[in-house]
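Remarks on the structure that follows.
Number of protein chains: 2
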Amino acid sequence: MATRLDARGEVTGPACCPTGLTTPLDRGTAESLARLLKAVADPARLQLLSLIKSSPNAESCVCDLTVPLALSQPTVSHHLRVLTEAGLLSRTNRGTWSWYSVNDERLQELSALLR
Amino acid sequence: MATRLDARGEVTGPACCPTGLTTPLDRGTAESLARLLKAVADPARLQLLSLIKSSPNAESCVCDLTVPLALSQPTVSHHLRVLTEAGLLSRTNRGTWSWYSVNDERLQELSALLR
DNA sequence: ATGCTACATTGACATTCGTCAATATAGCCA
DNA sequence: TGGCTATATTGACGAATGTCAATGTAGCAT
Chain P
78 MATRLDARGE
88 VTGPACCPTG
98 LTTPLDRGTA
108 ESLARLLKAV
118 ADPARLQLLS
128 LIKSSPNAES
138 CVCDLTVPLA
148 LSQPTVSHHL
158 RVLTEAGLLS
168 RTNRGTWSWY
178 SVNDERLQEL
188 SALLR
Chain R
78 MATRLDARGE
88 VTGPACCPTG
98 LTTPLDRGTA
108 ESLARLLKAV
118 ADPARLQLLS
128 LIKSSPNAES
138 CVCDLTVPLA
148 LSQPTVSHHL
158 RVLTEAGLLS
168 RTNRGTWSWY
178 SVNDERLQEL
188 SALLR
C-alpha cells in the first residue's frame with residue numbers, strides 16, 4: 078500500500094495508517110512529500126508555526142509576527158503564503174486583518190510520514 | 078523548557094519529551110531544526126531513506142541505489158553525504174563498498190519535533 | 001472624498017541547491 | 001605492477017529560494 082495522494086497529487090490520507098518510509102517511495106510520491114517538507118524546512122516558517130500555535134486563541138495576524146521574526150512585512154507575508162499553500166495554515170479575514178491558524182492535523186500527518 | 082541542542086548547536090535530546098512547536102522558537106533553534114528538515118526535504122533523499130530502510134539487512138551500498146533513483150553516481154553520493162552529515166545515515170566501509178544504514182532514532186526524533 | 005492602516009503582490013538581487021562530467025582515491029585481484 | 005571496480009570530490013551550470021523596496025489593494029474612520 079502506497080502513501081495516499083489527493084487529486085492534485087499531494088500527500089494526504091488519514092494519520093491512522095501511514096506507510097511512512099518503510100516502503101520504497103516512487104519519484105512522484107517522494108516529490109509531493111518533499112514539497113510538504115520544504116514548506117516546513119525554513120527557520121522563519123518554523124518560528125511562524127510555533128508563534129501562531131502558542132498565541133492567544135491559537136491565531137495571529139501578520140502585524141504581530143513581523144517584530145518577533147525581525148523580518149519585513151512582505152517577507153512574513155511570503156512565508157505565510159508558502160505555509161498556507163502547503164495546507165499547514167488557514168487564513169481568516171476579519172476587517173483589515175488576516176488571522177492565521179495552524180492546521181494541526183496536517184502537521185501531525187507530516188510527523189507520521191517520517192516513521 | 079526549550080528544544081535541546083548539543084555542543085554544535087544541533088537539535089538533539091531524547092525523543093521522550095520534545096517541546097515540538099508548542100513554544101515560540103528562537104531564531105537559533107529554528108535554524109538548526111530547519112537544517113535537519115532541509116536534509117529530508119528532497120525527493121531523492123526521501124527515496125534513499127525509504128530504499129535503505131526497506132533493503133535486506135536495512136543497509137545498502139551506493140551501487141544498489143543509483144539505478145532505482147535514476148541519478149548519476151556522484152549525485153547519489155552527494156545526497157548520501159547530506160543525509161550522513163545530518164546524522165540520519167551511518168556509513169560503514171567494507172572493502173571497496175560503502176554501506177549506508179538509517180539512524181532510526183534520529184528520524185523519530187525529527188518526527189517528534191513536529192508536534 | 002481623504003487619509004490611514006493592514007496586508008498582498010511585483011520585481012530585483014544574491015545565495016543556495018541539485019545535477020552532471022570529469023577527475024581523484026582506494027581497495028581488490030591477476 | 002597493472003588494471004578493474006566502487007566510491008568520493010571538484011567544478012560548473014541552471015534552477016529555485018529568501019529577502020527587501022516599491023507598489024497595489026482593500027477596509028475603516030473622520
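Protein chains in written order, with our numbering: chain P, 78 to 192; chain R, 78 to 192. Note that CB positions come from ideal geometry on N, CA and C, so glycine has one too. Bear in mind the structure is a predicted one, so any value in this text is a computation, not a measurement.
Using a Cβ-Cβ cutoff of less than 7 Å, which residues in the same chain neighbour residue i once the five nearest sequence positions on both sides are dropped?
i	result
S154(R)	V139
A121(P)	L146, L148, H156
Once you ignore the five residues that flank residue i on each side, which residues in its own chain have a CB closer than 8 Å to its CB?
i	result
P145(R)	Q124, L128
T161(R)	S167, R168, Y177
A116(R)	R122, V159, L160, E162, A163, L165
Exposed or buried, which one is residue i when buried takes at least 16 other CB atoms within 10 Å?
i	result
P151(P)	exposed
G164(P)	buried
Among the options, which one has its Cα closest to the Cα of residue i?
i	options	result
N170(R)	S137(R), V117(R), K130(R)	S137(R)
V159(P)	Q185(P), T173(P), G97(P), L113(P)	L113(P)
S132(P)	G97(R), R192(R), E182(R), P101(R)	P101(R)
A135(P)	Q185(R), L98(R), T143(R)	L98(R)
E108(R)	A107(P), D119(P), E108(P)	D119(P)
D39(P)	S175(P), D181(P), N180(P)	As shown, chain P starts at 78 and ends at 192. That puts residue 39(P) outside it, with no answer to give.
Closest Cβ-Cβ distance between residue i and chain P: below 8 Å?
i	result
Q185(R)	yes
R192(R)	yes
S188(R)	yes
Examine chain R for any beta-carbon lying closer than 8 Å to the beta-carbon of residue i, and answer yes or no.
i	result
G90(P)	With a pLDDT of 45 at G90(P), under the threshold of 50, the modelled position of this residue cannot be trusted, and the question is left open.
L195(P)	One cannot answer for residue 195(P) here, as it falls past the ends of chain P, which runs 78 to 192.
R104(P)	yes
P101(P)	yes
E108(P)	yes
A84(P)	Residue confidence is low: A84(P) scores 39 on pLDDT, short of 50, so the model does not pin down where it sits. Its coordinate-derived value is still stated next. Closer than 8 Å: no.
L98(P)	yes
With a CB to CB cut of under 6 Å and the five nearest residues on each side skipped, what residues in its chain are close to residue i?
i	result
R183(P)	G164, L165
Note to self: Under 7 Å, CB to CB, which of the residues in the segment 117-138 of chain P have a partner in chain R?
What the structure shows: The residues in question are V117, A118, D119, P120, L123, Q124, L126, S127, L128, K130, S131.
Checklist line | Near-chain P residues of the segment 164-183 of chain R - C-beta to any C-beta below 7 Å | finding: Nothing from the segment 164-183 of chain R brings a Cβ to less than 7 Å from some Cβ of chain P.
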